[in-house]
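**Student:** Going by our numbering, the first residue of the sequence shown is number 3, and it counts up by one from there. Each residue gets a CB set at the ideal place from its N, CA and C atoms; glycine is no exception. My questions all concern the structure below.
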Amino acid sequence: MAREWKKEYNIGVSIIDSQHQEMFAVMNELDDAISSKKSKMELDGILSSLIDWTKNHFDFEERIFNKLGFTEAKEHERHHKAFKQRLEDLRKKIEQEHEHLQKHLADYLEDWLTNHVYKQDRKFVSLFHKNGIK
Numbered sequence: 003m004a005r006e007w008k009k010e011y012n013i014g015v016s017i018i019d020s021q022h023q024e025m026f027a028v029m030n031e032l033d034d035a036i037s038s039k040k041s042k043m044e045l046d047g048i049l050s051s052l053i054d055w056t057k058n059h060f061d062f063e064e065r066i067f068n069k070l071g072f073t074e075a076k077e078h079e080r081h082h083k084a085f086k087q088r089l090e091d092l093r094k095k096i097e098q099e100h101e102h103l104q105k106h107l108a109d110y111l112e113d114w115l116t117n118h119v120y121k122q123d124r125k126f127v128s129l130f131h132k133n134g135i136k
């Protein structure tokens with residue numbers, strides 16, 4: 003099931019919006035791999051890409067938070083840390099339980115990303131815009 007990027011997911015910071023859209027593309031790649039019953043090795047490769055992408059995206063956001071003095075940076079970073087840990091935990095479980103967890107992972111990723119964008123990422127938009135990051 004392909005996940006579609008919706009306009010309402012945009013937060014108004016183009017580089018962040020582009021990165022979130024890239025994450026959706028990787029989630030769709032993961033969904034395709036799950037539905038076509040790719041091997042655990044192929045799924046692990048896609049998940050590794052997603053984990054690397056996520057770390058890079060979060061590092062990018064956090065560097066800007068620190069530079070601009072985002073007052074809710076620590077809370078936001080806690081959300082990032084919990085998500086990265088959850089990805090690693092799910093990756094380990096996929097090695098043991100293939101089919102059920104794969105679908106669970108794809109659903110979890112979509113839920114987390116959309117909720118994070120709606121609730122957390124919107125908190126820093128005005129600060130970014132005020133500092134010329136659009």
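Flag this pair as yes or no: are the beta carbons of F72 and H78 separated by less than 9 Å?
**Tutor:** yes
**Student:** Measuring only the C-alpha atoms, how far is S37 from K83?
**Tutor:** 29 Å
**Student:** Let's see if you can read the secondary structure: which residues bound the alpha helix (DSSP H) around Q23?
**Tutor:** 16-37
**Student:** If we ignore side chains and look at the alpha-carbon of each, how far apart do V119 and N12 end up?
**Tutor:** 8 Å
**Student:** Please report the straight-line C-alpha distance between K40 and L92, rounded to a whole angstrom.
**Tutor:** For K40 and L92, the distance between alpha carbons rounds to 17 Å.
**Student:** Just reading off the alpha helix (DSSP H) that G134 is part of, what are its end residues?
**Tutor:** It is not in any alpha helix (DSSP H) - G134 carries neither H nor E in the DSSP assignment.
**Student:** Grab me the residues of F26's own chain with a C-beta within less than 6 Å of its C-beta, minus the 5 sequence neighbours each way, in chain order.
**Tutor:** If we look at F26 and ignore the five residues flanking it on each side, its Cβ neighbours are R5, W7.
**Student:** Determine the direct distance from the alpha carbon of S20 to that of K9, and round the result to whole angstroms.
**Tutor:** 12 Å
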